[in-house]
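Here is the structure we will look at.
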Amino acid sequence: MKNLFNKEVYEEIIQRLNAFTASADRQWGKMEAAQMLAHCKAAFSVPLSEKKLPRSFIGLTVGWLFKHSLYNDKPWRKNLPTAPAFRITDHRNFEKEKKELTMLVDRFYTLGPGKVGLFPHPLFGSYTSDQWGQAMYKHLDHHLRQFGV
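Residues are numbered in the numbering used here as their position in the sequence shown, beginning at 1, plus a constant of 53.
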């Protein structure tokens, strides 16, 4: 399972972000390219302990049933629902969002295991540092594939 704390995986994500352009065609979903980058930025706020979100009712009752999907090499399916706290609907500047997301990915990697994930995931609950590394890789991979990167 790929993990964003692994140097080669981190470098892969940075290369893919660098290759991503505003003209990339969306393969599925509703977000524009800049909105997707802003969405991915927002998702980093939880493991970087900048934002503590309440556990959702669905997460508290059945989230554990789906948590295993984060710990395998199978890509996430297309058109998964977006948590309300991470929905981006306004216009965003692509280059600004790309630069800021790249900086967050770098910060996450640089902090390393043990320094992230003080707050639980709003749907899946507590993660180990290793699980955060896997989940954040999988989330970025999902959205980069969404735009063919």
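Each residue gets a CB set at the ideal place from its N, CA and C atoms; glycine is no exception.
This one's a predicted model, so the numbers in the text were calculated from it and none came from an experiment.
For Val62 against Asn71, the beta-carbon gap comes to about 15 Å, at or over 8 Å, which does not count as contact. Taking each of Ala91, Asp143, Ala188 in turn and checking the Cα distance to Glu153, the smallest one comes out for Ala91. Shown here, Phe139 sits in a helix according to DSSP, grouped into three states. For Phe172, the three-state secondary structure derived from DSSP is coil. A straight-line Cα-Cα distance of about 29 Å links Leu171 and Met84. Ranked by how close their Cα comes to the Cα of Val202, the residues Gly165, Phe161, Ser76 have Ser76 in first place. Annotated three-state conformation of Trp185 is helix, per DSSP. Assigned with DSSP and collapsed to three states, Leu123 falls in helix. The alpha-carbon separation between Glu65 and Phe139 amounts to approximately 24 Å.
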